[in-house]
Structures are given as C-alpha cells and as structure tokens.
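Trainee: Heads up, the sequence shown is in this note's numbering, so the first residue is 7 and it goes up one at a time.
Structure incoming, see below.
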Amino acid sequence: MPTPPITAPVELYRDPAVFERERHAIFARSWQFLGLEADLVRAGDYLAEVLAGYPVMVVRDEQGALRGYHNVCRHRAGPLVADAKGRCDGEFICGFHAWRYAFDGQLKEPTGFGPADGFDPGDYSLFPIRAEVWRGLVFVNLDVAAAPLIETLKPLDERLGRQPRRSARVRDSHPVACNWKVYVENYLDGYHKEGIHPALATEAGAQRHDVHMVGEVALHEVVNSEGSAGTVWAWIWPSLGVSVYRGVLLLEHIRPEGPNRTHIDHIFLHEAEDPSVEAAILNAERIAEEDARVSERVQQNLNAGIFRQGVLSPSHEDAVAWFQSRIVWLLADKAVGQ
Ligand code: FES
Ligand SMILES: [Fe+2]
Numbered sequence: 007m008p009t010p011p012i013t014a015p016v017e018l019y020r021d022p023a024v025f026e027r028e029r030h031a032i033f034a035r036s037w038q039f040l041g042l043e044a045d046l047v048r049a050g051d052y053l054a055e056v057l058a059g060y061p062v063m064v065v066r067d068e069q070g071a072l073r074g075y076h077n078v079c080r081h082r083a084g085p086l087v088a089d090a091k092g093r094c095d096g097e098f099i100c101g102f103h104a105w106r107y108a109f110d111g112q113l114k115e116p117t118g119f120g121p122a123d124g125f126d127p128g129d130y131s132l133f134p135i136r137a138e139v140w141r142g143l144v145f146v147n148l149d150v151a152a153a154p155l156i157e158t159l160k161p162l163d164e165r166l167g168r169q170p171r172r173s174a175r176v177r178d179s180h181p182v183a184c185n186w187k188v189y190v191e192n193y194l195d196g197y198h199k200e201g202i203h204p205a206l207a208t209e210a211g212a213q214r215h216d217v218h219m220v221g222e223v224a225l226h227e228v229v230n231s232e233g234s235a236g237t238v239w240a241w242i243w244p245s246l247g248v249s250v251y252r253g254v255l256l257l258e259h260i261r262p263e264g265p266n267r268t269h270i271d272h273i274f275l276h277e278a279e280d281p282s283v284e285a286a287i288l289n290a291e292r293i294a295e296e297d298a299r300v301s302e303r304v305q306q307n308l309n310a311g312i313f314r315q316g317v318l319s320p321s322h323e324d325a326v327a328w329f330q331s332r333i334v335w336l337l338a339d340k341a342v343g344q
C-alpha cells in the first residue's frame, strides 16, 4: 500500500515572506490568464490587470500584434493605463507627468522634462513582458525567455478538442479570505464533493472522480452512470481553472492578493442563444460559493496554529500532492531572486 504524503508546512499558507517569494518564484515565471482577445480588436485596445501584485497590460499595436508591458512608467513608476480595459489613441501617456510611449515601448517624449545632460530617452523604454493567445484567451508571462504558451496548455488543448464558438460572456468577481493555494487545492481534489457540494454529488450519482496531472495541467475525470460526455474540468498551473459544463465554458482565475487574500474572477463563455445558460451559471456560482466558504474556514484554521501538518490520500489527492511538492520545491530554489 502507498504511504500517504504529509501536507506542506502551514507557514506556506500565511507567511507574508512566503507570499513575496511566490511572486518571484511562481507568478513571475509562469503563464497567467489576462483576458479575452475579443477585447483587443483595434489598434490601441488594451487589457490591464494586477497579477500577484504585478500591474501588467497588453495592447494591440498598429501592425496588429499584441505587445505586453509592465504598467509602470520609467520616470517615477506612474501608471500607463488606468482601467482594466480601454483604448489608447496611438500611444501610452503616463498618468503622472504625461511621458509618452509608442506601442513598441519606446519613450517618444519625456513631456516637459527639460534639458538634462546625458539623459537619453532610448534608455527608458517600457519593461516588456510576453503575451500570447490560445483559443481567444490572452495570457502573459513576465519571463520574456519563457517557453511558448502551448507547451503548458497542450494537454488541455488536446482534451478540449473541437469546441463551439462561444461569443457571449458573463463575468463576476469575488474576494475570498484565504491564501490562493487553499483555493487551488480545493480545485484540485475531487474528494470533497459529498461534504461541500451535496447537490452536485446527488446529481452525479454513484461515480468515480479521479484527478491526474498531465504536465502542468490537472484533468478531472468524472465517470458516472450517465457518462461524462462534453464535460471538461481542468486546472492549469499555477492558478487557472477551466471547465466546460452544460455547454458553458467557465474560466476561474484565482488571483493572489496577499497571504490571506485572493480574488476569484469568473468568466462564463457561452453560445449566444443557449437557453440553459442561466441555470448553468447559477449552478457554477453556487459551487464556487461553497468552495469559497470552506476555503475561508480552512484558512482560519491554518492561521489558528493548532493544525500543523495533515495527510493526503494516495487514492484521491494525487494532484494536491503534486501541487504542494512543486510549491515546496520552487520556494527552495535558491536561484530565485527576492
Ligand atoms: S511617472 Fe510617468 S511621467 Fe512621471
Ligand atoms: Fe468544490
């Protein structure tokens, strides 16, 4: 019989220094979901977000390419764009002292800076990041030398196969008072259904629910008496859930904001005239609410200091074990700068 792994140390879920290290070791080096390519149609259209404390943006340039940058001016760190999405007219103008940048990141005009010996605007281009699109979803990577996005997404891409065009969307966003890893681990286990999601457990009937890792993608396999045709339930390292259920594709973006604070962004994509959408969305929101509540109670208990280390089921919590050991390994990497 396999020996059950011990859970990761509780400090990893509450220590601000660990959170800061995760920003560098994990979120500055992996592909993060940013938004929908449908919002980047014309030159100057942009999307912006704060991902694990990094304000970033992606713009459609005049040649039609997507370009990604840190949303930070090289003068004194002002913001280049103010909103989560919008349009810039041919250039970025900093919101602090109005330095002007071209979409290729070059500083065109250090507005009103005045004469300054040895100051070369060519030394003050925007900090670039990577931006790529997969199936209409825009991802960014702060590591400009990162491997292509598809290398991470390939197992999910193959699992999804052909999908209908889903042009309609519904969004919502919820703060959850827990560490981002508590919520991810909840997403990675198919073990908690009976206790937390009674309606889901009843609906699915007698079944097996396995989660296995393929590269950096977790694939849930739910096999019940009705089969699981059309249902996909997946997670992509480090913090994006992707599911297809009753014809609705749900992106669940788990955005860390602090050791005890996480934001969950939901985007539901569906076919325009699908009558079952409302029920599917209500169902997903109920499940997310149940997951959020239990995650907050888990965080409270991790903070309380009684629980030190638990144990993972070799039958049901393989993906959680994979995730925790990867976190521990990455945080131990001395090569990661602080
Ligand atoms: S901080 Fe951007 S122009 Fe001053
Ligand atoms: Fe759940």
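We put the beta carbon where it would ideally sit given N, CA and C, even for glycine.
Quick one: Cα of A183 to Cα of E97, how far?
Mentor: If you take the alpha carbons of A183 and E97, they lie about 38 Å apart.
Trainee: Report yes if the CB atom of G118 is closer than 8 Å to the CB atom of L132, and no otherwise.
Mentor: No, the Cβ-Cβ distance between G118 and L132 is not below 8 Å.
Trainee: On the criterion of 16 or more Cβ atoms from any shown chain inside 10 Å, does I293 qualify as buried, or is it exposed?
Mentor: That one is buried.
Trainee: Taking the alpha-carbon of T158 as reference, which of A224, R29 and G311 has the nearest alpha-carbon?
Mentor: Closest by alpha carbon: A224.
Trainee: Per DSSP, what are the beta-bridge partners of K91 in this structure?
Mentor: According to DSSP, which records beta bridges pairwise, K91 is partnered with L53.
Trainee: Spatial neighbours of S179 within its chain, please: C-beta separation below 6 Å, excluding the five flanking residues on both sides.
Mentor: Around S179: D271.
Trainee: Could you give the distance in angstroms between the alpha-carbon of R314 and the alpha-carbon of Q306?
Mentor: Each residue's alpha carbon lies about 13 Å from the other.
Trainee: Note down the Cα distance separating Q169 from L256, rounded to an integer number of angstroms.
Mentor: Going from the Cα of Q169 to the Cα of L256 covers about 13 Å.
Trainee: Compute the minimum distance between the beta carbon of I202 and the heavy atoms of ligand 2, and state whether it is under 7 Å.
Mentor: Yes - ligand 2 has a heavy atom lying nearer than 7 Å to the Cβ of I202.
Trainee: Any heavy atom of ligand 1 closer than 7 Å to the beta-carbon of A14?
Mentor: The answer is no for A14.
Trainee: What distance in whole Å lies between the Cβ atoms of I260 and Y189, which are believed to be in contact at a cut-off of 8 Å?
Mentor: Yes, Y189 and I260 are in contact; Cβ-Cβ is about 5 Å, under 8 Å.
Trainee: Who are D271's beta bridge partners in DSSP?
Mentor: DSSP output for D271 lists S179 and H259 as bridge partner(s).
Trainee: Does V334 come out as helix, strand or coil in the three-state DSSP assignment?
Mentor: If DSSP states are grouped into helix, strand and coil, V334 belongs with the helices.
Trainee: Near ligand 1, which residues have their beta-carbon less than 5 Å from any of its heavy atoms, given in chain order?
Mentor: The set, ordered by position in the chain, is C79, H81, R82, G84, C100, F102, H103 and W105.
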